[in-house]
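Trainee:
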Amino acid sequence: METNQTYQNELGSAMLPFVMRELVDTVMKRKTLPLEDALYYIYSSNLYKALLDENTKLWYSSTLS
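All the letters of the sequence shown, read from the start, carry residue numbers 8 to 72 under my numbering.
1. Quick check on the DSSP output: what are the complete alpha helix (DSSP H) runs of length 4 or more inside the stretch 18-53, in order along the chain?
2. Taking only the alpha-carbon atoms, compute the straight-line gap between D60 and P24 and give it to the nearest angstrom.
3. Using a 10 Å radius around the Cβ and a threshold of 16 neighbouring Cβ atoms, would you call L58 buried or exposed?
4. Under the three-state reduction of DSSP, which class applies to E61: helix, strand or coil?
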């Protein structure tokens, strides 16, 4: 069972850059922010903290939903 949990954690870590890329693009468009400001907006948010929390599996959700 622990092996499955380890796999899920690794999967989440591997997926996060792809989720972040899409999220940054969405924030830039919707908030009309330059890249640096969009990154700051995301990294200082509660959403980013939730994305890092493996228990929420929030990284699995699409930014398009």
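Backbone N, C-alpha and C define an ideal beta-carbon position, used for all residues, glycine too.
Remember, it's a predicted structure, so these values are computed and weren't measured experimentally.
Mentor: If we stick to the structure as given:
1. If we require 4 residues or more, the alpha helix (DSSP H) runs fully inside the stretch 18-53 come out as 42-50.
2. Within the sequence shown, residue 60 is the residue found at index 53, counting from 1. Within the sequence shown, residue 24 is the residue found at index 17, counting from 1. Here the alpha carbons of P24 and D60 stand approximately 14 Å from one another.
3. Sequence index remark: in the sequence shown, residue 58 carries index 51 (1-based). Result: buried.
4. Walking along the sequence shown from the start, residue 61 turns up at place 54. Here DSSP, grouped into helix, strand and coil, assigns E61 to coil.
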